[in-house]
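Notes follow once the structure below has been shown.
There are 2 protein chains.
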Amino acid sequence: MATIKEIAQKAGVSVGTVSNYLNSPEKVAKKSSEAIQRVIEESSYHPRAAARSLKSDQTRTIGLVPVVSREDPQSVEPSDNAFLEFLAAVNSTATEKGYDVLLHSATPKVDEIPIYEKLVVGKNVDGILVLNTRPDDPRINFLLKMKFPFVSFGRSENKEHRAFIDVDGEYALIETVDYLTSLGHQLIAYICPKKGSMFSKVRWEGFSKAMVSHNLEIYDDYIIECDFSETSGQVAMHLLLDLPNPPTAVITASDICAFGAMHAISTRGLTPGKDISVVGFDNIRMASHWQPSLTTIAQPFRKLGSQATEMLIKIIEGDQTETQILFTPELVIRQSTGPAK
Amino acid sequence: MATIKEIAQKAGVSVGTVSNYLNSPEKVAKKSSEAIQRVIEESSYHPRAAARSLKSDQTRTIGLVPVVSREDPQSVEPSDNAFLEFLAAVNSTATEKGYDVLLHSATPKVDEIPIYEKLVVGKNVDGILVLNTRPDDPRINFLLKMKFPFVSFGRSENKEHRAFIDVDGEYALIETVDYLTSLGHQLIAYICPKKGSMFSKVRWEGFSKAMVSHNLEIYDDYIIECDFSETSGQVAMHLLLDLPNPPTAVITASDICAFGAMHAISTRGLTPGKDISVVGFDNIRMASHWQPSLTTIAQPFRKLGSQATEMLIKIIEGDQTETQILFTPELVIRQSTGPAK
DNA sequence: AATAGCAATTGAAACGTTTCAATTAATTAC
DNA sequence: GTAATTAATTGAAACGTTTCAATTGCTATT
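Protein chains in written order, with the numbering used here: chain Y, 41 to 381; chain L, 41 to 381.
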């Protein structure tokens, strides 16, 4: 394969000039530029990434470490469809700005810190995107300690942690409860995301505040944790329907979960939206195609992904102007919710 | 940050020995090993990836170039859910074997070859996974020409192209048509994937062969192309239902597409599985949760992803024993299909 | 015609590894 | 006790860039 040295020889200039042509073309004379350009094209030269990165200390790559569960290999955090949309946006935004995306996977059990250590200390990437934050997040603490460029999707409780992008989950739950009570619902259940992650904590705060402000009681039986699978939503819903006094409305952790819940409702001969109202979270594409179509809180994953990436690249490149974005999500009302019976 | 030189000094050995410790520990004496190990740990040393790769000519990274459409940014090839499962498997298998995954995105309009050229010539990756092949695929021709390690998901018509993994789409369609005719269907429509990709060609062969072997006619009106969105399935189904003599069974390009088709059917006051049979393709998780649950051809995306990755890594590492895998997909029968009326 | 000033170019050092021929130390065989 | 063999270690070259002080070649100014 061609090296910069060979290009230089063939073009009749020095390596320094070729390097300049590649990195700051305005510095090289038109005549040389043309000669170099020609040679580069005919030998289909591409600078060697490793050499570049070794010398210049940058990789033009951003890192992402999705947690893929090996036991339930279908699940990828945060929740499959949503993650893919986010990733697609990250990927295309990064490419647009001249960066690549490096994926390294973690499993739920393994300690993630060594992975981040390798990425940071081994200088594999210029910056990292952290997903699914926890209130006290070791990854964020580590990255902060190393002063390494990163942006997280989700907040944390670390005071130093400033660069994030997030959706206001508290607001989302308040809106939803407000909406359901306006339809006359009093018995509101919450099939909630597993405790531990920051977003589940934030949403819980919204839910409990809203319930209190409407003088509604939060029954233990009405709170069921679930993961992001249809099955877990289905199971949770069956538990709720087995209660002596089942809820008239259910807020769920995700659209997928809501689909499972609706499945359970239909199985019992009831109609979602008529007998029991169901609210999802995410507004994945399928939400509008399900029957009945799903009332849900929209998270703009595309926008989140591309803005997070843009923010990260800004930070990598030393521009720290805007360091946080909090989206206000929108409640999309469809047919899976209706007046309380 | 620590370098191998500093580690060597602190441990009282030469750089060569540290390098040996890192790469072939059996070559270094126990005493030295221990000293080095200690120093490495306390200075949290990680070898610099760029330096390593510059010298040793390998990156321990495999490349993947998904096509993300900017106009319809929700679509990622081959079809979102499926792609994510595939990617998750690739990612975790690669990580398991000590490789990372590098993502670079392409858009449908842009010429992909320069991207592959950069990856190959710039030695950004050790091998490439090619998705959604075409019969005459410039990417495959290029990689073959460069003698660069790659594995494709999908075959091509290039004679030299040996390393692939695929699902037997011809068999799948034959099975499906056989099944539908056994239920008494004669009027079978095919909402088929867009022409151009290899898999759509292969499936078409299966479909047409099967129709011929059952002495069934293929009506032009019954063949409608669609992409992987719900909407396109929905639109296609409406067109079929508007026909003077609508089909009694419909085979679709993907589960997502089938959901759209079922949506259209229900909207018309008909019942999928009773009035019209619908068959999907992929068997994504949602297929069993949809109502009615979807009869579909299962593609084992997880397995495909991890086997493709294993195959690629074998090739990268010089072991070429097994170079192709063709999965026989399974028709999963559920409620969206039934006897012809 | 000499000089100052600027634009363009040069060439060597440096980045942090791996590799390998050469060297040293330790062990075995007689 | 010496020679032969093996095991462990060393140190320098090389990988392909970028960077920057030094140099060269022009142009404009006097």
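The beta carbon of each residue, even a glycine, is placed where N, CA and C say it ideally should be.
Would you mind telling me which residues of chain L sit closer than 9 Å to Y/LYS158, beta carbon to beta carbon, in chain order?
Here residue 158 of chain Y is taken as the residue at index 118 of the first sequence, counted from 1. Within chain L, the residues near Y/LYS158 are HIS86 and ALA89.
Y/TYR230, enclosing alpha helix (DSSP H) - first and last residue
As a position in the first sequence, residue 230 of chain Y is number 190, starting the count at 1. Premise fails: Y/TYR230 lies in the beta strand (DSSP E), 228 to 233, not in any alpha helix (DSSP H).
Rounding to the nearest angstrom, what Cα-Cα distance links L/GLY345 and L/MET251 in this structure?
The residue given as residue 345 of chain L occupies position 305 in the second sequence. The residue given as residue 251 of chain L occupies position 211 in the second sequence. Whole-angstrom Cα-Cα distance: 32 Å.
With 7 Å as the C-beta to C-beta threshold (strictly closer), list the residues of the region 131 to 161 of chain L near chain Y in chain order.
ASN131, SER132, THR135, ASP140, VAL141, LEU142, LEU143, HIS144, SER145, GLU157, LYS158 and VAL161
N- and C-terminal bounds of the alpha helix (DSSP H) containing L/GLN347:
As a working note, residue 347 of chain L is residue 307 in the second sequence. It spans 341 to 356 - the alpha helix (DSSP H) in which L/GLN347 sits, taken as one unbroken run.
Where are the beta strand (DSSP E) runs, 3 residues long or more, that stay fully inside the region 208 to 273 of chain L, in chain order?
228 to 233 and 263 to 266
Separation of L/ILE102 from L/TYR139, as counted between CA atoms
For the purposes of this step, residue 139 of chain L is identified with residue 99 of the second sequence, where counting begins at 1. For the purposes of this step, residue 102 of chain L is identified with residue 62 of the second sequence, where counting begins at 1. Those two C-alpha atoms are separated by around 7 Å.
Could you check what DSSP says for Y/GLU370 in three-state terms: helix, strand or coil?
As a working note, residue 370 of chain Y is residue 330 in the first sequence. Looking at Y/GLU370 - three-state DSSP - the assignment turns out to be strand.
For L/GLY309, the first and last residue of its enclosing beta strand (DSSP E):
Taking the second sequence and counting its residues from 1, the one referred to as residue 309 of chain L is at position 269. Per DSSP, L/GLY309 belongs to no beta strand (DSSP E) and is neither H nor E.
Once the 5 residues before and after L/VAL55 are set aside, which same chain residues still bring their CB inside 6 Å of it?
Numbered from its first residue, the second sequence carries residue 55 of chain L at position 15. Closer than 6 Å at the Cβ level, and outside the excluded window around L/VAL55, lie ILE44, LYS45 and ALA48.
According to DSSP, is Y/SER83 part of a helix, a strand, or is it coil?
To locate residue 83 of chain Y, count along the first sequence from 1; it is residue 43. Residue state, collapsed to three classes: coil.
Is L/MET326 closer than 9 Å to L/ILE205 when the C-beta atoms are compared?
For the purposes of this step, residue 205 of chain L is taken as the residue at position 165 of the second sequence. For the purposes of this step, residue 326 of chain L is taken as the residue at position 286 of the second sequence. Against a cut-off of 9 Å, the Cβ pair of L/MET326 and L/ILE205 comes out as no contact.
When the distance is taken between beta carbons, is L/PRO233 closer than 9 Å to L/SER294?
As a working note, residue 294 of chain L is residue 254 in the second sequence. As a working note, residue 233 of chain L is residue 193 in the second sequence. Their beta carbons are under 9 Å apart, which means L/SER294 touches L/PRO233 by this criterion.
Exposed unless 16 or more other CB atoms sit within 10 angstroms - verdict on L/PRO312
As a first step, residue 312 of chain L is located in the second sequence; it is residue number 272 there, counting from the start. Answer is buried; the Cβ neighbour count reaches 16.
Looking at chain L, is there any beta carbon in it that lies within less than 9 Å of the beta carbon of Y/PRO118?
Here residue 118 of chain Y refers to the residue found at position 78 when the first sequence is read from its first residue. Per-residue confidence for Y/PRO118 stands at a pLDDT of 45, beneath the threshold of 50, marking its modelled position as unreliable; the derived number appears in the next sentence. Not closer than 9 Å to any Cβ of chain L, the Cβ of Y/PRO118 fails to qualify, so no.
Assign Y/SER192 to buried or exposed, taking buried as 16 or more other Cβ atoms, counted over all protein chains shown, within 10 Å of its Cβ.
Taking the first residue of the first sequence as position 1, residue 192 of chain Y is located at position 152. So Y/SER192 ends up on the buried side.
Kindly provide the ranges of any alpha helix (DSSP H) runs that are 4 or more residues long and lie completely inside the region 99 to 162 of chain Y, ordered along the chain.
120 to 136 and 153 to 161
Burial state of L/THR324 (16 or more Cβ within 10 Å)
Along the second sequence, one-based indexing puts residue 324 of chain L at 284. In the sequence as presented, Thr is not what sits at residue 324 of chain L; that position holds Ile. Buried.
Does the Cβ-Cβ distance between L/LEU124 and L/LEU104 come in under 9 Å?
Here residue 124 of chain L refers to the residue found at position 84 of the second sequence. Here residue 104 of chain L refers to the residue found at position 64 of the second sequence. Cβ distance not < 9 Å, so L/LEU124 and L/LEU104 don't count as in contact.
Where does L/THR361 land, buried or exposed, given buried means 16+ other C-beta within 10 angstroms?
Along the second sequence, one-based indexing puts residue 361 of chain L at 321. L/THR361 is exposed by the Cβ-count criterion.
Can the beta-carbon of Y/SER333 be found less than 9 Å from the beta-carbon of Y/HIS225?
For this step, residue 333 of chain Y is matched to residue 293 along the first sequence. For this step, residue 225 of chain Y is matched to residue 185 along the first sequence. No, the Cβ-Cβ distance between Y/SER333 and Y/HIS225 is not below 9 Å.
Can you have a look at L/ALA134 and say buried or exposed, based on whether 16 or more other CB atoms are within 10 angstroms of its CB?
As a first step, residue 134 of chain L must be located in the second sequence, where it is residue number 94. Answer is buried; the Cβ neighbour count reaches 16.
Distance between beta carbons of L/ASP208 and L/LEU366, contact taken as under 8 Å:
Walking along the second sequence from the start, residue 366 of chain L turns up at place 326. Walking along the second sequence from the start, residue 208 of chain L turns up at place 168. The Cβ separation is near 5 Å, so the contact holds.
Based on the DSSP output, what are the partners of L/PHE193 in its beta bridges?
Along the second sequence, one-based indexing puts residue 193 of chain L at 153. The partner list for L/PHE193 (beta bridge, DSSP) reads L/ILE205.
Using the C-alpha atoms, what's the distance from Y/ASN198 back to L/ASP315?
Along the second sequence, read from residue 1 onward, the residue named residue 315 of chain L stands at position 275. Along the first sequence, read from residue 1 onward, the residue named residue 198 of chain Y stands at position 158. So the two alpha carbons sit approximately 58 Å from each other.
Can you tell which of Y/TYR156, Y/LYS163 and Y/ARG195 has the C-alpha that lies nearest to the C-alpha of Y/PHE182?
Here residue 182 of chain Y refers to the residue found at position 142 when the first sequence is read from its first residue. Closest option to Y/PHE182, Cα to Cα, is Y/TYR156.
Quick one: what's got a C-beta closer than 7 Å to L/LYS381's C-beta in the same chain, skipping five residues either side?
For the purposes of this step, residue 381 of chain L is taken as residue 341 along the second sequence, with counting starting at 1. If we look at L/LYS381 and ignore the five residues flanking it on each side, its Cβ neighbours are THR288 and ASP315.
Does the region 293 to 307 of chain Y come close enough to the region 257 to 277 of chain Y that 3 or more CB-CB pairs lie under 8 Å?
yes
At a CB distance below 9 Å, what residues from the region 312 to 332 of chain Y approach chain L? Give them in sequence order.
ARG325, MET326, SER328, HIS329, TRP330 and GLN331
Are the beta-carbon atoms of L/VAL217 and L/ILE305 separated by less than 9 Å?
Locating residue 217 of chain L in the second sequence gives position 177, where the first residue counts as 1. Locating residue 305 of chain L in the second sequence gives position 265, where the first residue counts as 1. Cβ atoms of L/VAL217 and L/ILE305: not closer than 9 Å.
Give every residue of the same chain whose Cβ lies closer than 7 Å to the Cβ of Y/ILE373, excluding the five residues on either side of it in the sequence, and list them in chain order.
Stepping through the first sequence from its first residue, residue 373 of chain Y is reached at position 333. Correct list, in chain order: THR335.
Quick check: the Cα distance between Y/VAL58 and Y/ILE76, rounded to an integer number of angstroms?
Reading the first sequence from its first residue, position 18 is the one you call residue 58 of chain Y. Reading the first sequence from its first residue, position 36 is the one you call residue 76 of chain Y. Roughly 7 Å separates the two Cα atoms.
Pick helix, strand or coil for Y/GLY300, following the three-state DSSP scheme.
What you label residue 300 of chain Y is simply residue 260 of the first sequence in a count that begins at 1. DSSP places Y/GLY300 in helix when its eight states are reduced to three.
Indicate whether at least one CB of chain L lies closer than 9 Å to the CB of Y/GLY300.
For the purposes of this step, residue 300 of chain Y is taken as residue 260 along the first sequence, with counting starting at 1. So, interface residue.
Give me the Cα-Cα distance between L/PRO118 and L/ASN172, rounded to the nearest whole angstrom.
One-based indexing of the second sequence puts residue 118 of chain L at position 78. One-based indexing of the second sequence puts residue 172 of chain L at position 132. Low per-residue confidence applies at L/PRO118: pLDDT is 44, beneath 50, and the placement is therefore not dependable, though the value from the model is reported in the following sentence. Taking the straight line from one Cα to the other gives about 6 Å.
Please report the residue range of the alpha helix (DSSP H) in which L/PHE182 lies.
Stepping through the second sequence from its first residue, residue 182 of chain L is reached at position 142. Its alpha helix (DSSP H) spans residues 178 to 185.
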